[in-house]
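Under the numbering used here, the letters of the sequence shown match residues -14 to 489, in that order. Backbone N, C-alpha and C fix where the C-beta goes; we use that ideal spot for every residue, glycine too. Notes to accompany the following structure.
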Amino acid sequence: MACEFGPTAAVEVLLRAGAAENGARTKVGLCLLTEALGRAVTWPSTSPAKTHTAVVEALLAAGANVDAEGKQDGWTALLIASVNGHTAVVKALLAAGADMEAECPRGWTALYMASAYGKAAVVDALLAAGANIEAKGKNGWTALDVANFRGHKAVVEALRAAGVDTEAKRPASGAMALYTASGQGCTAAVEALLAAGANANAEGESGDTALHIASENGHTAVVEALLAAGANANAEGKQSGDTALHIASKSGHAAVVKALLAAGANVDAEGKKTGEAALHIASKNGHAAVVEALLAAGATVNAVAYTEAEGTGDWAPLYIASIGGHTAVVKALLAAGADTETPGGNGDTPLHIASEFGRTAVVELLLAAGADKEAENEDGRTALYIASLNGREEVVVALLAAGANTTACDENGWTALYAASLEGHTAVVKSLLAAGADTEAERPRGTTALHIATEKGHTAVVEVLLAAGASTDVYGATCRPALYDSTCTSRISSGLAPAAAPTA
């Protein structure tokens, strides 16, 4: 208890009385020396560090084992003093021959611990005593790595002054000290490393530079510091082939994008694997602020690129944004003069693809910008047909309001009404009929919407078509009237009057 609460005189009395300084332990297994240190940070005194230094010195003078470990945690007195920043105690322990390279169970030395917690004075004391500046914990990190990670500028400067290798790589992740600090947004540490001569373009094991990782995480101040120190704004990752501008655009970091562009980043640079420029990437991910910054810097608005994630190619930014329904991006691209008719896969225009995915707001923007509502893809399908086939009722309504032709057929001779009836999209069928769609429009082989709805068993659609006056007497490809299949398969509700089979 005397060691725990620090009264030096009491400790000395006990020692003279024969207290076993090496063997005496508390109920939690701490030897006297580690107990005195472990309580220093909370002991109620106006100068606990000074008082406990005297306690430690008294214990050491009595022959206490300077490297004794606590049974519970395995920590030595030096580790405890270092992590708590008790510089005078650290010096006393070092003077008594404490092992500077002793590790806690996690493999961390006193220097690592002091660096991790920003105890610069302790770091200075340990370095002056010859602590191994390149020692690594089980995680592969050095004292410099952890100081960078936590943004302890004073510690970084102390380690740098002591000659630490600022380009050393960590086996755990292959990142250099500068890479680590950049990834964590530790601007002060980055600036200190750069001032010490760290290579602004050095790469981690992944082939990415510090600029890549800072851009990915949106650390604008770090990006600016790296660029000011000569980081290459157009450097490509060895594995990804992406530049920092690609990465920042994907993550939506508009401020970083602007900093990179101001430093000369190529706004139209294409990724080696995908051929995508930053504008494609930002459009795909819906980052309107980034898109606007790229366009302001002169990005080619109608450039087409292979899109690896989609397994297809020749997609322009407007097409990509239309797929995702990114309304703000679409607005920005249209304002910059994006071509509404540049096709993507299968000859689909942005209007086709927005209709397929049910992006009503985008469809309305495209129509307002003059998109051709009757444009056909390679299958001869219009936007109205595609929306009807996929059951996109709101899109169908928008297209019809814009005057889309309900009689247009695809290469098979199918109308939008036929496609909606085929798939059983009752609401779409109602909208088409309300717009005047022809219930008697036939495929080349004579099949109508009522035939196909009957065949597929779409009861609600059949009822809607009949209510609209669809003829039950039209013979299709099987030379049967529209309702013949209902009597053969019983897939239509009994409320429909069955038609008699044709006679020879």
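Contact belief for residue i with residue j at Cβ below 8 Å, rounded distance in angstroms
i, j, result
"A356", "P335", "7 Å"
"A290", "H265", "5 Å"
"A368", "H337", "5 Å"
"C171", "N124", "No, C171 and N124 are not in contact; Cβ-Cβ is about 18 Å, not under 8 Å."
"T312", "A353", "Between A353 and T312 the Cβ distance is about 12 Å, and since that is not below 8 Å, they are no contact."
"M85", "A114", "6 Å"
"S316", "A278", "Contrary to the premise, residue 316 reads as Lys rather than Ser in this sequence. Between A278 and K316 the Cβ distance is about 15 Å, and since that is not below 8 Å, they are no contact."
"Q169", "G136", "7 Å"
"R377", "S340", "6 Å"
"T285", "D333", "That pair is no contact at about 21 Å."
"A539", "A274", "A question about residue 539 goes unanswered here, because the residues of the chain that appear run from -14 up to 489."
"A177", "V141", "5 Å"
"V348", "L318", "15 Å between Cβ atoms; not a contact."
"G59", "C89", "6 Å"
"G256", "D227", "5 Å"
"L245", "A214", "Actually they are not in contact, since the Cβ atoms of L245 and A214 sit about 14 Å apart, beyond 8 Å."
"E181", "R145", "In the sequence as presented, Glu is not what sits at residue 181; that position holds Ala. Yes, they are in contact, since the Cβ atoms of A181 and R145 sit about 4 Å apart, within 8 Å."
Beta-carbon spacing of residue i, residue j below 9 Å
i, j, result
"S67", "A95", "yes"
"V314", "S268", "yes"
"L211", "L196", "yes"
"A62", "V108", "no"
"D324", "R366", "no"
"A321", "Y370", "no"
"A263", "A233", "yes"
"N362", "N331", "yes"
"Y164", "T127", "no"
"A147", "I118", "yes"
"L100", "L129", "Reading the sequence as shown, one finds Ser at residue 100 and not Leu. Closer than 9 Å, so yes."
"E54", "A77", "no"
"L280", "S307", "no"
"G310", "K358", "no"
"H236", "D193", "It is Ser, not His, that sits at residue 236 in the sequence shown. Cβ atoms of S236 and D193: not closer than 9 Å."
"S456", "T424", "yes"
"A183", "K138", "no"
"N270", "N219", "no"
"K104", "N50", "no"
"V207", "V175", "yes"
"P302", "A288", "yes"
"A81", "L112", "no"
"G398", "E427", "yes"
"L407", "A438", "yes"
"E188", "K223", "yes"
"A405", "V447", "no"
"A73", "D52", "no"
"A120", "L79", "no"
"L450", "V413", "no"
Proximity test, Cβ basis, 9 Å: residue i and chain C
i, result
"V446", "In the displayed structure, chain C is absent; only one protein chain is listed."
Cross-strand partners of residue i (DSSP beta bridge)
i, result
"A73", "According to DSSP, A73 bridges with nothing at all."
"A290", "W300"
"T61", "E54"
"E188", "T194"
Which residue spans inside the segment 313 to 382 form an unbroken alpha helix (DSSP H) run of at least 4? 335 to 341, 345 to 353 and 368 to 374
Using 8 Å as the threshold, is the segment 406 to 423 in touch with the segment 377 to 393, meaning 3 or more CB pairs across them? yes
Could you tell me which whole alpha helix (DSSP H) segments of length 4 or greater appear in the segment 234 to 278? Here the runs fully enclosed are 239 to 247 and 263 to 269.
Which residue spans inside the segment 101 to 179 form an unbroken alpha helix (DSSP H) run of at least 4? The segment 101 to 179 contains these whole alpha helix (DSSP H) runs: 105 to 113, 128 to 135, 138 to 146 and 162 to 169.
Ranges of the beta strand (DSSP E) found wholly within the segment 369 to 456, counting only runs of at least 3: none
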